[in-house]
Amino acid sequence: MDLTPQVAFGLGCFYLFAVLLEAGYAAYQWYARKDFLQTTIWGAVAGVLLLHAIIYLVPGLPKPVLPEGFRNFTTQVMGMYGGQMGPILYVSLSVVGFILLLHYRKFFTLPVVAWTVLTASLFFVGWSLTVYSFRDIVTKPDNVPIVMLIYAVGFFTWFGLRQAVINDDRMARGEPPMEKLEDEKVLVWPDLVYTELICMVIVTFLLVIWTVSLPAPLEQPATSAKAPNPSKA
2 MDLTPQVAFG
12 LGCFYLFAVL
22 LEAGYAAYQW
32 YARKDFLQTT
42 IWGAVAGVLL
52 LHAIIYLVPG
62 LPKPVLPEGF
72 RNFTTQVMGM
82 YGGQMGPILY
92 VSLSVVGFIL
102 LLHYRKFFTL
112 PVVAWTVLTA
122 SLFFVGWSLT
132 VYSFRDIVTK
142 PDNVPIVMLI
152 YAVGFFTWFG
162 LRQAVINDDR
172 MARGEPPMEK
182 LEDEKVLVWP
192 DLVYTELICM
202 VIVTFLLVIW
212 TVSLPAPLEQ
222 PATSAKAPNP
232 SKA
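With the working numbering, the residue at position 196 of the sequence shown is 197, and numbering never jumps.
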């Protein structure tokens with residue numbers, strides 16, 4: 002039940018998308034930065050992801066899944082303290098991780114470090130999707146926006162801290178922040194409304210695709226006596 006042909010095909014497409022990301026970053030390192038070492042590293046990562054894609058897309062090949070021993074270990078850990086270890090670990094690690102992120106922001110906001118974290122998350126998600134219970138949760142229409150928000154929050158947190166680090170360095174050198182470099186008035190229509198119109202058309206198109214691809218998460222109306230999902234009460 003873990004890996005049906007449809008699931009294997011979906012995983013193959015997921016890894017192909019990851020290959021495009023890694024290949025694009027490797028090309029950026031080569032053409033824009035002329036960094037042979039980084040190009041080699043990320044080209045190799047793209048090759049590993051391409052191998053994953055081939056394995057899942059070609060029928061007849063054995064499909065790797067997350068090891069049973071690792072799944073049992075994580076289940077046992079999360080079940081400690083009456084099943085409360087999961088939330089305890091999540092909150093504790095989130096707080097500690099955020100403190101470390103702020104303290105070592107110069108390191109963690111380096112583009113290559115941020116890209117490494119993104120790549121690691123793609124491997125984590127790809128392998129986790131081979132587990133039915135995880136896949137069933139993250140692919141529910143209710144939960145798809147949550148997955149998107151996780152990556153969106155991660156990106157904008159990195160982007161904001163990266164801008165802050167750059168501005169700190171500029172101010173330490175006696176230079177104005179980056180916002181002052183383009184401190185001039187612009188016309189509203191060509192520079193704002195026109196761009197918003199294009200974004201609106203693109204987002205509308207994506208929302209139509211979304212509504213067709215994902216069925217509406219219709220559930221029983223919430224009652225005061227029984228509300229399985231409190232957010233719908």
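Think of the CB as a built atom: it goes at the ideal place given N, C-alpha and C, for glycine as much as any other residue. Keep in mind the model is a prediction, meaning the values are calculated, not measured.
Grouping DSSP H, G and I as helix and E and B as strand, with all else coil, what is residue i?
i, result
"GLU185", "coil"
"GLN39", "helix"
"ASN144", "coil"
"THR5", "coil"
"GLY175", "coil"
"TYR26", "helix"
"TYR105", "coil"
"ALA45", "helix"
"LEU62", "coil"
"GLN164", "helix"
"ALA54", "helix"
"ALA153", "helix"
"ALA19", "helix"
For residue i, does the count of other Cβ atoms within 10 angstroms reach 16, so buried, or fall short, so exposed?
i, result
"THR120", "buried"
"THR110", "buried"
"HIS53", "buried"
"LEU207", "exposed"
"PRO159", "Sequence check: residue 159 is Trp here, not Pro. That one is buried."
"TYR26", "buried"
"VAL20", "buried"
"LEU50", "buried"
State yes or no: is the C-beta of residue i within less than 8 Å of the C-beta of residue j?
i, j, result
"GLN39", "VAL113", "yes"
"GLY127", "PHE15", "yes"
"ALA47", "ALA33", "no"
"PRO142", "ALA217", "yes"
Along the chain, where does the alpha helix (DSSP H) containing residue i start, and where does it finish?
i, result
"PRO112", "112-129"
"VAL202", "195-214"
"VAL245", "Past the edges of the chain, shown from 2 to 234, lies residue 245, and the structure says nothing about it."
"ARG136", "133-139"
Please check the pair residue i and residue j, which I expect to be a contact at CB under 8 Å, by giving their CB distance rounded to whole angstroms.
i, j, result
"LEU67", "THR131", "5 Å"
Is any beta-carbon of chain B found at less than 8 Å from that of residue i?
i, result
"LEU62", "No chain B is present in this structure, which holds just one protein chain."
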